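K.L.:
Here's a structure for you.
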Amino acid sequence: MATTRPVITIEPCDPDEHFDGVLAVYRANDWSHANAPGRLRVAVESSSFSVVALEEERVVGFARAMSDEAFAVYIADILVLPELQRRGIGRRLLDAILDHYPMETFHHQVLIAERGADGFYRRVGMTPVGGYGLTAFIRSRGN
Ligand SMILES: CC(C)(COP(=O)(O)OP(=O)(O)OC[C@H]1O[C@@H](n2cnc3c(N)ncnc32)[C@H](O)[C@@H]1OP(=O)(O)O)[C@@H](O)C(=O)NCCC(=O)NCCS
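Residue 193 is where the sequence shown ends in my numbering, and the numbering goes up by one at each step.
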C-alpha cells in the first residue's frame, strides 16, 4: 500500500503561536540555542522575517533572517526536523526568505553555513563568497 507524504505548508512565523514548536525543532537538531529558550524567543521575535514549515498544526521546520530592509539580508538559522530532512522542506523555507528579500533590491543575501550544511546551500543556488572575489571574516567562540 502506498504511503501518503504529509502536506507541508510554509507560513510567516507567529511567535505566540509557533514558538514552542520552533524550540522543539532546535532541540531535535541538538542546537545550543535550545538551551536558552528565553534568548531564543527574543531572537525569533527580533528577527526581521521568519517562516515556519507546518505539517497541519505541527512545526516541522523554521528559518529566520535579519535585514536592514533596504540593501542586505542575513539568513541566520534554517532547520528541519531530522526525520523530515531531504524532502524539500529546507529549500522551501530558504526560498520563502529569499523571495521576501528579492535580489533586484537586496545586493547581498548572506549566510554562514554550519558544518555539514554547505552541500545543501550549494545545491539550492548559494555561492561561497570566494566565487565573487570576496572574503568573509568572522569572530566566533567556535561553538
Ligand atoms: C540543512 C537543512 C536545513 C536542509 O534541509 P532539507 O529539508 O533536508 O533540505 P532539502 O530536502 O530541501 O534539500 C534541497 C537539496 O539539497 C540537497 N541537500 C540537502 N542537505 C544536503 C547536504 N547536507 N549535503 C548535500 N546536499 C544536501 C538535497 O538532496 C536537495 O537536492 P535536490 O534538490 O537535488 O533533491 C537540514 O538538513 C537541517 O535542518 N540540518 C540541521 C540544521 C542545520 O545544520 N542547518 C543549517 C544551518 S547553517
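Built from N, CA and C at the ideal position, the CB exists for glycine as well. Nothing here was measured: the structure is a model prediction, and the numbers come from that model.
Checking 8 Å against the spacing of the C-beta atoms, do Gln159 and Val102 come in under that value?
P.N.:
Not closer than 8 Å, so no.
K.L.:
Which same chain residues, not among the five before or five after Ile147, have their C-beta less than 7 Å away from its C-beta?
P.N.:
Excluding residues within five positions, the ones whose Cβ falls inside 7 Å are Phe99, Val101, Ala113, Ala115 and Ile125.
K.L.:
If I'm right that Val72 touches Val130 with Cβ under 8 Å, what's the distance once you round it to whole angstroms?
P.N.:
With a Cβ gap of about 12 Å, Val72 and Val130 do not count as contacting.
K.L.:
When the Cα of Pro65 is compared with those of Val57, Glu95 and Gly138, which residue comes out closest?
P.N.:
Nearest option by C-alpha distance: Glu95.
K.L.:
Ligand 1 heavy atoms versus the CB of Asp149: any closer than 7 Å?
P.N.:
Not so, every heavy atom of ligand 1 lies at least 7 Å from the Cβ.
K.L.:
Short check: CB of Pro132 to CB of Asn85, under 8 Å?
P.N.:
In this structure, Asn85 does not lie closer than 8 Å to Pro132 by Cβ.
K.L.:
What distance in whole Å lies between the Cβ atoms of Tyr76 and His83, which are believed to be in contact at a cut-off of 8 Å?
P.N.:
So it is a contact: roughly 5 Å between Cβ atoms.
K.L.:
Find the nearest neighbour of Glu164 within the set Ser190, Asp149 and Leu134, judged by alpha-carbon distance.
P.N.:
Of Ser190, Asp149 and Leu134, the residue nearest in Cα terms is Ser190.
K.L.:
Over what stretch of residues does the alpha helix (DSSP H) that includes Ala146 continue unbroken?
P.N.:
First-last of the alpha helix (DSSP H) with Ala146: Ile139 to His150.
K.L.:
Can you tell me whether Val130 sits near ligand 1, meaning its C-beta is under 7 Å from at least one heavy atom of the ligand?
P.N.:
Because some heavy atom of ligand 1 lies under 7 Å away, the Cβ of Val130 counts as near it: yes.
K.L.:
Just mark Asp118 as buried or exposed, buried being the case when its beta carbon has 16 or more other beta carbons within 10 Å.
P.N.:
Counting Cβ neighbours within 10 Å, Asp118 comes out exposed, since fewer than 16 surround it.
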